[in-house]
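Trainee: Let me give you the structure first, and then I'll get to my questions.
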Amino acid sequence: MLSLTCPCCGITAEETEFAPGGEAHLKRFGPGSSDEAFEGYLFARKNPKGVHFERWRHAYGCGKWFLAARCTATLEVFGTYPAQTTQPPAELIAKIKAKRPEWEGWA
Ligand SMILES: [Zn+2]
Numbered sequence: 002m003l004s005l006t007c008p009c010c011g012i013t014a015e016e017t018e019f020a021p022g023g024e025a026h027l028k029r030f031g032p033g034s035s036d037e038a039f040e041g042y043l044f045a046r047k048n049p050k051g052v053h054f055e056r057w058r059h060a061y062g063c064g065k066w067f068l069a070a071r072c073t074a075t076l077e078v079f080g081t082y083p084a085q086t087t088q089p090p091a092e093l094i095a096k097i098k099a100k101r102p103e104w105e106g107w108a
């Protein structure tokens with residue numbers, strides 16, 4: 002069972018209280034970008050077995066979006082943080098690297 006803590010209201014709940022929003026930290030490309038960049042923005046997604054950064058919404062709670070770092074294989078959640086960040090917090094990266102020394106990073 003996947004259990005997440007909403008960083009906006011502090012409630013920890015099971016996955017069914019949240020709505021997934023796909024991969025986090027996507028770089029958006031719009032009008033004026035190359036076709037390859039726009040295609041990559043629309044369709045190219047990471048699908049790792051291991052550490053993944055995702056968008057979630059507290060659909061049956063405060064309704065706000067947030068980001069989470071978790072392992073797709075074990076469902077271990079390393080942490081959640083506000084959606085208004087452009088990259089994962091440094092302390093979260095350090096926590097993941099401490100637990101998963103083989104992990105190559107988020108970028
Ligand atoms: Zn919430």
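Under my numbering, the sequence shown has 44 at position 43, and the numbering climbs by one with no breaks. Every residue gets a Cβ at the ideal spot worked out from N, C-alpha and C, and that includes glycine.
Just to confirm, does residue 22 get its C-beta within under 7 angstroms of one of the non-hydrogen atoms of ligand 1?
Mentor: By 1-based counting over the sequence shown, the position of residue 22 is 21. For ligand 1, not one heavy atom lies less than 7 angstroms from the Cβ of residue 22.
Trainee: Do residue 31 and ligand 1 come close, with the Cβ less than 7 angstroms from some heavy atom?
Mentor: Stepping through the sequence shown from its first residue, residue 31 is reached at position 30. The answer is no for residue 31.
Trainee: For the structure I just gave you, are there three or more beta carbon pairs, one from the region 9 to 29 and one from the region 53 to 65, closer than 8 angstroms?
Mentor: Result yes; three or more Cβ-Cβ pairs closer than 8 angstroms.
Trainee: Taking the C-alpha atoms as reference points, what is the distance between residue 87 and residue 23?
Mentor: Within the sequence shown, residue 87 is the residue found at index 86, counting from 1. Within the sequence shown, residue 23 is the residue found at index 22, counting from 1. If I take the Cα positions, the gap works out to 15 angstroms.
Trainee: Identify whether residue 22 lies in helix, strand or coil by the three-state DSSP scheme.
Mentor: In the sequence shown, counting from the first residue as 1, residue 22 sits at position 21. Of the three classes helix, strand and coil, the one that applies to residue 22 here is strand, per DSSP.
Trainee: Within 10 angstroms of the Cβ of residue 46, are there 16 or more other Cβ atoms? Answer buried if so, exposed if not.
Mentor: Counting from one through the sequence shown, the residue named residue 46 turns up at place 45. Residue 46 is exposed by the Cβ-count criterion.
Trainee: Between residue 65 and residue 9, which are expected to be in contact by the criterion C-beta below 8 angstroms, what is the C-beta distance as a whole number of angstroms?
Mentor: Indexing the sequence shown from 1 puts residue 65 at position 64. Indexing the sequence shown from 1 puts residue 9 at position 8. Their Cβ separation, rounded to whole angstroms, is 4 angstroms, which keeps residue 65 and residue 9 in contact under 8 angstroms.
Trainee: Provide the residue(s) that pair with residue 59 in DSSP beta bridges, ordered along the chain.
Mentor: Looking up residue 59 in the sequence shown gives position 58. The partner list for residue 59 (beta bridge, DSSP) is empty, contrary to what the question assumes.
Trainee: In the DSSP assignment, the alpha helix (DSSP H) including residue 14 goes from what residue to what residue?
Mentor: Counted from its first residue, the sequence shown places residue 14 at position 13. Where residue 14 is concerned, there is no enclosing alpha helix (DSSP H), although the beta strand (DSSP E) it sits in stretches over 13 to 15.
Trainee: For residue 12, does the count of other Cβ atoms within 10 angstroms reach 16, so buried, or fall short, so exposed?
Mentor: For the purposes of this step, residue 12 is taken as residue 11 along the sequence shown, with counting starting at 1. That one is exposed.
Trainee: Is residue 62 near residue 18, with beta carbons less than 8 angstroms apart?
Mentor: What you label residue 62 is simply residue 61 of the sequence shown in a count that begins at 1. What you label residue 18 is simply residue 17 of the sequence shown in a count that begins at 1. Yes, they are a contact pair.
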